[in-house]
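Those letters in the first sequence? Residues 564 to 1127, per the working numbering, in order.
Beta carbons: idealized from backbone N, C-alpha and C, even for Gly.
Working notes for the structure below.
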Amino acid sequence: MIRQKLAVLVTQALASARNAGVLCSELFPDVVIGTPAQEAHGDFACNIALQLAKPERKSPRQVAESVLLHLQDTDGLIRRAEIAGPGFINFFIAPSAWQQCLPLIEQAGPAYGTTDSGAGRKAQVEFVSANPTGPLHIGHGRGAAIGDVLCRLLAATGWQVTREFYYNDAGAQISNLALSVQARCLGIETDDPRWPADGYQGEYIKEVATAYLAGETVVAGDQQVTASGDPDDLDAIRRFAVAALRREQDQDLQAFDVRFDHYFLESSLYSDGKVEAAVQQMIANGHTYEQEGALWLRTTDFGDDKDRVMRKTDGGYTYFVPDVAYHLDKWQRGFLRVVNEQGADHHSTITRVRAGLQALNAGIPKGWPEYVLHQMVTVMRGGEEVKISKRAGSYVTLRDLIDEVGRDATRFFFVMRRPDSQLVFDIDLAKQQSLDNPVYYIQYAHARICSIFENATEKGAVLPSIEPDAATLALLTSPEELRLIRLLGSLPGVVDEAARDFEPHKIAYYLTELAGQFHSYYNKTKVVTEEQTLTTARLYLLARIRQVLQNALALLGVSAPERM
RNA sequence: GGGCGGUUAGCUCAGCUGGAUAGAGUGUUGGCCUCCGAAGCCAAAGGUCGUUGGUUCGAAUCCAAUACCGCCCGCCA
């Protein structure tokens, strides 16, 4: 809030200096107020003089002096402003300006940190979208955590968000699933020559087969499927297996506190004729050709390195065709912004889907939809990498992870790195309830504040139930206190940036920083003292820290326990 | 061969779209509880930002090469 005010003041000073004939540029670059790395350089710094030196044909320091001369600090925001180094303008903010931030944070309540950048426009995030051919593994877990936090971040920045899960229930992998379950029903082992070529070998296939033979009923989503128990009825096996695995995935996601507004079935694109319609449109627009018995899309017209087959010689469509139809449907549903969160191993689909959408000539922007790709996850246990082999069925499932290390730690670990970077998930570290573990470090700060409030109540301290007056707030003067307020005040900017850049880890880093500053402050400063007013002021600061910890943890879907 | 991502302290990673003396956690070493939660705090040591050029007042950041690592490059999804 103070940062924006400063930007306005400097912008006004530039205009004023130009009017006075001191500066001559017609257009000024946007004023950027930065945070100096060192406290000696003030609370904020501005490099505008360095940028203007050349066009103004003056030295940076001369420009800076002109800016300062025309700066009108009517609100008494600035205690001191100075020109430093090559020409930076360093601002030292008045303590009273910092103190006045606290009531504003309180008034915003749980909404503190949110912005209205999205202005209520419609956005959609598609994530997880796992094939219903097995349990969710650790890679899906990262996608689930990142996607979920992206949704929370977009919602916090004013977007109306729809969370969607795309179900690939129509492809060859589903056939393989059905064949695998059927083989298990017939007692065929994986080393048997009759075992299906691309069959799923995991133990869970056996369980599905057993349930099928026993005639069990599963409820998944809005449908209910009862097994016929007939091992020859491949279609019945397929329906049952898909439902059974979907139920498993739903339960895992529920345990992970990840929910969806909409499940979209790939099969519906075929039954509703949307795939065929999209294909016809691409043909009509002249972007396709027949060759060697297949139908091709000229994706090279849209930046691909070679053309891609749309309709195979066997008459079936390749996987990206329904994907194009699906995204056309998203566009028609009015989502200005669509984000697809996927594993980086699917990155080659981006060009194809975007090319297909352009070939439709439907007025869809070139860069639509947007993609967030996360890199691979390596699991470490006991200092060794846990090898993952999906086909052999030996891999760490999301459920295993949640059961072993807990939901909070799992979520936090998945989003504490940039999606771009490969993630080493150290199970031993995530399990530790100690200082090594950043989740506990942050949650501990919250619990500690709650504990201090209990203590204060017992001692009969005056709790800041109403907004303290200026004289009380004026007692918050130590460097640690002002630094904490500055950090509290930066939350909205951090949230906006994390949402804009699709970088959930920025929230994790913010929380670590805030918890650290609080622990340090606590260690140095007695909160509950003999002086009543001072105690009230400090408790008020602590209440705001607690509030911001809660708000930021909520963005990650991590709990803020009162006791640990 | 082509595409995408990565390369920063012993290890795991940040680095605010080009700013001042490159940061945090962990690990190592040494300190701090008669006191609100020591699951905590403080201090020290630790770096040619993969390499080489270029752009400019200024580069970990932008550009061009190049070297490694991961993932893709199917009429699988």
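- Shown here for ARG980: same chain residues with a beta carbon closer than 7 Å to its own, the five before and five after excluded, namely LEU986, HIS1068 in chain order.
- Within a 10 Å sphere around the beta-carbon of ARG757 sit fewer than 16 other beta-carbons, which makes this residue exposed.
- Cβ contact annotation for ALA857 (same chain, cutoff 7 Å, sequence separation greater than five): VAL872, ARG874, LYS875, THR876, in chain order.
- As far as DSSP is concerned, MET979 takes part in no beta bridge.
- Taken in chain order, the complete beta strand (DSSP E) segments of 3 residues or longer contained in the stretch 579-625 are 607-609.
- Rounded to the nearest angstrom, the gap between the Cα atoms of GLU853 and GLN736 is 27 Å.
- Note that the C-beta distance between ALA570 and LEU634 is not below 8 Å.
- Put simply, the backbone Cα of GLN687 is about 18 Å away from that of VAL1058.
- The beta carbons of ARG915 and THR862 sit about 6 Å from each other, so the pair counts as a contact at 8 Å.
- Here THR941 carries a strand assignment [DSSP, helix/strand/coil].
- Under the three-state reduction of DSSP, LEU1039 is assigned to coil, being neither helix nor strand.
- About 17 Å separates the beta carbon of PRO592 from that of GLN625, a gap too long to meet the 8 Å contact definition.
- Here DSSP, grouped into helix, strand and coil, assigns ILE701 to helix.
- Contact annotation, LEU1077 with LEU1050: C-beta distance approximately 6 Å; criterion of less than 8 Å satisfied.
- Between THR1099 and PRO1042, the beta carbon gap of about 21 Å keeps them out of contact (Cβ cut-off 8 Å).
- If you compare the alpha carbons of ILE565, LEU992, LEU640, ALA612 with that of VAL630, the shortest gap goes to ALA612.
- Per the C-alpha coordinates, the member of HIS890, ASN694, THR1088 positioned closest to ARG809 is ASN694.
- Contact between the stretch 810-829 and the stretch 703-713 is established, with three or more Cβ pairs separated by less than 8 Å.
- CA-to-CA, the gap between VAL842 and GLN895 works out to about 16 Å.
- Non-local beta-carbon contacts of LEU828 in its own chain, meaning distances under 6 Å to residues more than five positions away in sequence, involve TYR730, ASP732 in chain order.
- The stretch 708-719 and the stretch 749-766 do not touch, with fewer than 3 CB-CB distances between them shorter than 8 Å.
- In this structure, DSSP gives GLN786 an extended state, which the three-state scheme calls strand.
- Between GLY1052 and CYS609, the beta carbon gap of about 17 Å keeps them out of contact (Cβ cut-off 8 Å).
- The beta carbon of LEU1104 sits closer than 8 Å to the beta carbons of LEU665, LEU1039, GLU1044, LEU1047, ILE1048 from its chain, once the five residues preceding and following it are set aside; these are given in chain order.
- The alpha-carbon separation between PHE803 and CYS1013 amounts to approximately 49 Å.
- Under DSSP, GLU947 shares a beta bridge with ARG944.
- Distance from the CA of ILE652 to the CA of GLU645, rounded to the nearest whole angstrom, comes to 6 Å.
- The three-state secondary structure of HIS825, taken from DSSP, is strand.
- Look at TYR763 here: in three-state DSSP terms it is coil, with no helix or strand label.
- Distance from the CA atom of ASN1086 to the CA atom of ALA1008, rounded to whole angstroms, is 12 Å.
- Nearest Cα to GLY681 within the set ALA660, GLY697, SER579, GLN723: GLN723.
- Separation of the CB atoms of ALA993 and PHE976 is rounded to 5 Å, and the pair is thereby assigned contact status at 8 Å.
- For VAL1025, no alpha helix (DSSP H) run applies, since DSSP gives it neither H nor E.
- Under the 10 Å beta carbon count, VAL595 is surrounded by fewer than 16 other beta carbons and is classified as exposed.
- Within the same chain, Cβ atoms closer than 6 Å to the Cβ of LEU749 are found at PRO794, the five residues on either side in sequence being excluded.
- Between HIS937 and GLY906, the C-beta spacing is below 8 Å.
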